[in-house]
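Below you'll find the structure, written out as structure tokens, and then a few comments.
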Amino acid sequence: MEARPPGKRVKRLSLLSGGEKSLTAVAMLVAIFKARPSPFYVLDEVEAALDDVNLGRLLGVLEELRASSQLIIITHQKRTMEIADALYGVTMRGDGVTEVISQRLRESETA
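For the sequence shown, full-length UniProt numbering begins at 1 and goes up steadily by one.
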């Protein structure tokens, strides 16, 4: 696979930086999502290698996708969490038992 990051020449995927690889992968995923829509998508730390500018761009794309599909996103990024309708966290109590905590941030527009 080859990609051309903005302002650069076409490069093989293996030669791109972590952020450029992430952007390329996300661009391909979004193209697939738009060509073959699904009722929901699961994304696992898709924004981990992105800088602030590209994270903002990705969040804009996610806002568009959420208009027609449900998004389940695993993240550690506060900015990504801020666009969520609800957050679910998994933690381990002192006795070794896993606990799920949830917090609704806003009402879903489709609810």
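A virtual CB, placed ideally from N, CA and C, is assigned to each residue, including glycine.
All values derive from a computational prediction rather than experimental measurement.
For this session: Measure from the alpha carbon of Ser69 to the alpha carbon of each residue in Lys11, Ala25, Thr24, Val30, then state which is nearest.
Result: Of the candidates Lys11, Ala25, Thr24, Val30, the one whose C-alpha sits nearest the C-alpha of Ser69 is Val30.
For this session: Taking Ile32 as part of the alpha helix (DSSP H), name the residues at either end of that continuous run.
Result: Going by DSSP, Ile32 is part of the alpha helix (DSSP H) stretching over 18–35.
Problem set entry | DSSP bridge partner residues for Lys11 (one or two, in chain order) | Partner(s): Ala3.
Problem set entry | Which of helix, strand or coil DSSP assigns to Leu105 | Residue state, collapsed to three classes: coil.
Exercise. Applying the criterion that 16 or more other CB atoms from any shown protein chain within 10 Å of the CB defines a buried residue, is Ser102 buried or exposed?
Worked result: A residue is called buried once 16 or more other Cβ atoms fall within 10 Å of its Cβ, and Ser102, having fewer, is exposed.
Exercise. Who pairs with Met92 in a beta bridge, going by DSSP?
Worked result: Bridge partners of Met92: Thr98.
Exercise. Just checking my contact of Glu20 with Val10 at CB under 8 Å: how many whole Å lie between their CB atoms?
Worked result: Not a contact, Cβ separation roughly 12 Å.
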